[in-house]
C-alpha cells in the first residue's frame, strides 16, 4: 500500500506507511552477474499513476480527489517488461490510498422559518447541523452566530459544537429576527445560513392583577383640564407589558387614561351639579389578550359655582282682598351646589305689604289688602345661598288681588232654539251663555231638565251636543233646561230653555203594507180592469221623504199588458191578454219616495192567466216565457219548491209523457226539476245553497216529449236563480302572522310607558264576515270588565283602531300586561238577527330597557315598511318569541357619541320581544333575550337571513342611541308625512339665500374693483418740476423721502410710526409697483401695474433731468449738490419682498445739520421711494 495526498501535483512520489517513497526494482534469476542487465519498461493498469525512470511510483494526473463520488483508493497492477525482448514479470498489485486534505468547506442546510412563543428563559428553538466532505480533523465544525437582525444579538445563543440555538433574552409577540449562523471547519473554511424566527403569543395563562378591585377617588369640579385624578396599576404575573383602557362609565368622555401608566386625567370640565359621581370600569390587558378589571369610583366635590335658581316660574299668585296674614303663595329656589353652599334664604323689599319666610319662601300678606285701591302688586324676591361670599338670584312675583264674589251668573236670553238633523251623533246643537257680574267670572253649566241620554252640555263652554242620533219619527222636538252650578236659585235668569227641533232625514224606505197573493185572471178580462191596489207607507215624517210613488220595473212582457197608477198604486189591464199564450206574469212593482237620495222597495205580484180557449193551432206546447227571475233564500231546505213553470198544451200535441229537464247551469246538481200532476215544471232545491259561495245561477230548462213538436214551440227557457243572503255567518277575526305562528287567537300591542299622550294608536283589529251587504258589515266595541282597563282605551267602531284614552303610567307591574276584550258584530243597525265574536287584546307598556334596534344599512324606510312581516318572521324564528315593531326610523349613528347623524339610505327598525307563555314584554337584558337576539351568534344568523331573504345588509342589533341634549322650552314633534314638505321649504330657503349671497358677492366685487382703481389713481407718482436755485442759496429739493429703518434695533423699530405690514396698503412694500430698480442713468420706465404711468426714482432728479407731462426732457439747471448722488449708483440693493423696491446704504447727513442721525444705530438702511 502506498499513500499520497489528494490533489497532489503530477510527479509527486507515493510513499509507504513509513513515509518512504515507493521504488520498484526488477530482479531476474536467469541472469548472472556476468550478464548485461536489460532495460525494463513498466506497464500499469491505471492512468492515474506512473513509474519514473528511477522506478519511483508517482502521480500521473492532476486533481486527484478523495471526496465522493471520486474513489479514495486506487488498486492497480504493474508489469515489468524487457525493452528489447518479450520477457515480462508477473503482475504486481499495488493499492494507493489518497490522504485527505482540508479542501471542502462545511455545508449548512436551508432552515425553514421557525415560530417561537413569546416568553423568557432558555429554550432551544432549532439545531443547525453542517456537513463536511473532509475526514477526521478536517471535518470538525464549529458553529457561531454571525449576525441577528432587529438588535436581537443578545437574545440568542448557539452551541459551538452541537449547533443548537437557544433563546437567552425575553421575546415579545410580534417580533421577527433573522439569525445568520456560520459553520467553520478546522482549516478555517466556512459557510452561512439564515434562520428566520417569528415570535408568536405564548401560552399566556395569568391575567394582570390590580392592587385593589375598587378605588375610591375624589376630584374637585373645578379641576383643570389634563389634571391627574389618580393612577392605578396592575401587575402581570408573567411580567408582560400591561395596557390600560376605560371600557365603561365614561359615556360623556370626561376622563382619559394613559394606556401605559394607568394615570386617569380630566379631559373635560366637570360639573358636580350635572353629575356627582362617576364609576369607571378600567381594564388592564397583557400582550396575550388576558385582562382583568377594576372599578374606580370618582366623587366630584363641590365648589360654590352655581347661583340659586328659581323654579316653577312665573310666580303669579292670587289673594282675596281684606285678609291679613293670609298665605299668598310660595317661591322656591334651588342651588345645585351642596352643603352650606346649597342653603337658600329669601328676602323681600321693605315697601310692599307682604312678608316672606326666609327659609321656606312662603309669602303672606302683612296687612289687609283693598281691591279697589290696588288690584295688582309686582315686586322682586331675592334668594341668597349660604356661602361666605353668597351668590344671589332674583325673581319677579306678581300678586293679583281678587274681588269677593257676591253675584250669581244669569242668562240674558231665556230661550234658545236650534235645529238638529236626525241620526247624527255628537252634533253641536247650540251654545248657551251666562254672564257672571263678578270680576272673577266663573260659570259652570249643568242640565237641569231634559233627556240626559240624548244631550250633554259642556260645563265650561256651554256647548250642547247630541250624545246619539235622534229619530224624527219617534220625537221631533225636545225642550231642555240649562242652569249653572253657581246659581242654584229659581229666579229669572237663573236658567234658560233650549227648544231643539229634529229635522227629518230620508232614512226610511217605503214599506208595502200587505203581501199580495197570486192573482188568477181569465184571458178575456177587459182592458182597464183594476186587478189589485198596492199600498206602501214611508216612515219618514216630512215630505217629500214620505211621499210614495209606484212603477212597474223589470224585463219581460209584464209592462206591456199591465200598468200601475203612480200615485194610487192601482194595477190595471193595459192590453188584450189573449195576444200571448203565457199563463203567468211576474209584476215587479217598485215603491219609491221623492227625497234625494231616494229610498225604494220592490214587491212582486204574480198573475196567472187562465186561457178560456186552447192554444192556437199554430202554437206548440212549451214554456210561457223565454226568461224568468226567481229568488230563493240560502237557508232553503232540500226539496224546497222554488217555482212552478206553466207548460202550455195543444190538442194536437198533448203533454202525455212530456218531461222537464235542466239542460245547463246545474253542474253541481244544486237544483232538480220534475213534472207535477198538472203537467207543469217544478224547480226544487236539491242540495244546500250558500250565497257566499255562489249568489246567482243561470239555468236553462227544457221540455222534452217523445211526440213531434212543432218548430215554433217554446221548449226552452232561461231561469235566473238569485240566492238571497241571510245572516248565517259569524264574523271571524283576522289575526296577524305572529299570532298565527304561535297559535294564539289574540292581538298583541304595546305603547311607551312614559308617554302621556292621548289618542296614540295601539293597534288595529281586523274582522271579516262572509255575508254580503249590510249583513257583512262589522263594528267593534270594547267589553267593560272588572279591571277597568277598557276605560283607558277607545276603539274606532268601523276601522277597529284602538287608541289610548288616558295616560297609562298608573298601571303597576302586577297589573301588566293590560288585557282587553273586543267584540265584533255584524248587521250593525239590526236590533236582532246579528252575530257576534270576541277576542282578547294584550297590551304591554314599553320601557327603554325593552327596546332593540335592528340596523339595516342599505334599504330606506319605505322598502322596509313593505317587508315588516318578513323581518318579524325572521326575528321570531330566531328567538321563538313574539316580536312587535314599535316604529321605523331613518338610520341614526354617532361617530363621537356627541352628535347624532342620520343616513337616509338606511333604516332603524325598533322592536321588542314578548314571552309567548306569560305574554309579558321582556327586558333586553334578560338572559334568554340576549342569547336568542343579541348574542354574536344570534346576530350573525339574523343578518344572514335578512341578506338571503331581502337582499339587504343588516349590520347589527343595538340598543337605542341616547345622547345628551341641551334642554329647550318647547319640543316640536315632526310627523313622517310632514318631512317632504319640510325638505321643500328648506330647499326653497337655501335657494333664496344662495341668490342673495351671489348678488351680495357681485356687488362687493364691483365695489372692490372700483376701490382698487381709485387707489391706483391716487398713488400715481406726481410730476414734479425741477427746483432751480442759486448757488448761494441753501435750499433743498423735497422730492426725496429718506426713511431710516434700523434692522436690528427692535425697540427703535417699534418707535417708528410707520406700518410696513401687509395689511397697510400705503406702505406695504409688496404693493409698490412704480419704483424702478434700474441702476443706469435712465430715470424713467413704465409702471408694472399701469402702462399709463411713468415710473422714476425720485433721487435721479438730481441728474439734471426734468420730468413733465409723463415725458423725460433734459433741462439745464443748477441742482443742489448735496443731493447729487451720482456716485451712489453702485450701492443699490433690491428688496427681498419686492424687486421694484431698491435700498441704498447708510448715508451721513450730519453736514446738513441733521445731528440726530448720529445717534442712530450704525446698522440701518435708508429706503428711497
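In UniProt numbering, the protein residues as written are 1 to 1169.
Even for Gly, the Cβ is constructed at its ideal location relative to N, Cα and C.
Remember, predicted model here, so these are calculated numbers, not experimental data.
Identify whether residue i lies in helix, strand or coil by the three-state DSSP scheme.
i, result
"residue 939", "helix"
"residue 978", "Reliability of the predicted coordinates at residue 978 is poor, the pLDDT of 49 falling under 50, and no value is obtained from them."
"residue 948", "helix"
"residue 1082", "Confidence at residue 1082 is low in this model, with a pLDDT of 40, below 50, so its placement is unreliable and the value that follows should be read with caution. Coil, per DSSP."
"residue 560", "helix"
"residue 992", "helix"
"residue 11", "coil"
"residue 892", "strand"
"residue 1035", "Low confidence applies to residue 1035: its pLDDT is 44, below 50, so where it sits in the model is not reliable enough to give any reading."
"residue 792", "helix"
"residue 297", "strand"
"residue 119", "strand"
"residue 861", "helix"
"residue 881", "coil"
"residue 137", "helix"
"residue 1", "coil"
Quick one: Cα of residue i to Cα of residue j, how far?
i, j, result
"residue 219", "residue 386", "22 Å"
"residue 718", "residue 623", "10 Å"
"residue 793", "residue 465", "22 Å"
"residue 2", "residue 39", "25 Å"
"residue 899", "residue 813", "35 Å"
"residue 281", "residue 390", "38 Å"
"residue 774", "residue 568", "31 Å"
"residue 648", "residue 566", "33 Å"
"residue 485", "residue 428", "22 Å"
"residue 859", "residue 952", "7 Å"
"residue 1003", "residue 986", "26 Å"
"residue 253", "residue 934", "26 Å"
So if DSSP puts residue i in a beta bridge, which residue, or which two residues, is it bridged to?
i, result
"residue 384", "345, 392"
"residue 825", "779, 836"
"residue 600", "592"
"residue 501", "419, 477"
"residue 181", "145, 193"
"residue 224", "The partner list for residue 224 (beta bridge, DSSP) is empty, contrary to what the question assumes."
"residue 682", "644, 674"
"residue 910", "853, 887"
"residue 930", "Per DSSP, none; premise fails for residue 930."
"residue 283", "245, 293"
Hey, residue i and residue j: beta-carbon distance below 8 Å or not?
i, j, result
"residue 691", "residue 641", "no"
"residue 884", "residue 748", "yes"
"residue 295", "residue 279", "yes"
"residue 241", "residue 287", "yes"
"residue 836", "residue 823", "yes"
"residue 180", "residue 143", "no"
"residue 172", "residue 199", "yes"
"residue 938", "residue 931", "yes"
"residue 5", "residue 63", "no"
"residue 1252", "residue 204", "Shown here, the chain extends from 1 to 1169; a query on residue 1252 therefore has no answer."
"residue 107", "residue 57", "no"
"residue 593", "residue 586", "no"
Flag residue i as yes if its beta-carbon sits less than 8 Å from any beta-carbon of chain B, otherwise no.
i, result
"residue 818", "Protein chains in the displayed structure number just one, and chain B is not present."
> Touching or not, the region 814 to 828 and the region 911 to 922, by the rule of three or more beta carbon pairs under 8 Å?
Replying inline: Judged by Cβ distances under 8 Å, the region 814 to 828 makes contact with the region 911 to 922, as three or more pairs qualify.
> Okay, do the region 349 to 356 and the region 418 to 438 touch, 3+ Cβ pairs below 8 Å being the bar?
Replying inline: The region 349 to 356 is not in contact with the region 418 to 438.
> Can you find at least 3 beta carbon pairs, one from the region 301 to 315 and one from the region 250 to 262, that sit closer than 8 Å?
Replying inline: The region 301 to 315 vs the region 250 to 262: no contact.
> Counting Cβ pairs closer than 8 Å, one from the region 162 to 170 and one from the region 206 to 224, do we hit at least three?
Replying inline: Taking 8 Å as the limit for Cβ pairs, the verdict is that the region 206 to 224 does not touch the region 162 to 170.
> Is it a yes or a no for the region 790 to 805 touching the region 736 to 744, going by three-plus beta-carbon pairs under 8 Å?
Replying inline: Put simply, the region 790 to 805 does not touch the region 736 to 744. Fewer than three CB pairs are less than 8 Å apart.
> Is there contact here, the region 537 to 553 with the region 466 to 473, by at least three beta-carbon pairs under 8 Å?
Replying inline: Yes: the two stretches touch, three or more of their Cβ pairs being nearer than 8 Å.
> Would you call the region 848 to 859 and the region 909 to 916 in contact, with 3 or more CB pairs under 8 Å?
Replying inline: As far as the Cβ criterion goes, the region 848 to 859 touches the region 909 to 916, which means the pair count is three or higher.
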